[in-house]
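For reference, the structure discussed in these notes is given below.
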Amino acid sequence: MKREFVCIVCPRGCQLTIDDDLNVTGNTCMRGKDYAISEVTHPTRIITSSIKVSNREDTLVSVKTDKPVPKEKIFEVMEIINRASVKAPTVIGDIALHDVLGLGVNVVITKEIK
Ligand code: SF4
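Residue numbers (our numbering): 861 to 974.
Below, the structure is given as structure tokens:
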């Protein structure tokens, strides 16, 4: 059986096809081949979300994981992000949550709040 999906590694968005033997077509570069193989063998995603700012009323700050999270752990990581809060001021790149679920993944701030 063949699977088709769009490569999300870069904005070019190549249409990839992969078969049961992990032969990949449609990729313009090797990153697309690696992505297709990992997508069917061990799918992961970067999570983007937002975290409450505890010392600013009705304020959220945007965050993202600094590494891809295994798809089966995304829900648990989102629950932790939803319960968390940070204090302003925030600086882009600051770590809001360290080593979430022991996955070696940090949640980092992506917006400055003065
Ligand atoms: S296959 Fe390569 S060029 Fe095509 S979208 Fe993926 S990373 Fe970009």
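We treat Cβ as the ideally placed atom computed from N, Cα and C, and that holds for glycine.
According to the DSSP assignment, residue 956 belongs to the beta strand (DSSP E) that extends over 955-957.
Selection 942, 861 and 872 evaluated against residue 924 yields 942 as nearest (Cα-Cα). Pairing residue 948 with residue 888, the inter-Cα distance amounts to about 43 Å.
Within the model, the alpha-carbon separation for residue 956 versus residue 967 is close to 6 Å. In this structure, residue 907 keeps its C-beta atom at 7 Å or more from the C-beta atom of residue 921. Beta-bridge annotation (DSSP): residue 871 is not paired with any residue. Placement of the Cβ of residue 962 at a distance of 6 Å or more from every heavy atom of the ligand SF4 is found. Near the ligand SF4, meaning a beta-carbon closer than 5 Å to one of its heavy atoms, we find 867, 869, 870, 872, 874, 887, 888, 889, 891 and 892.
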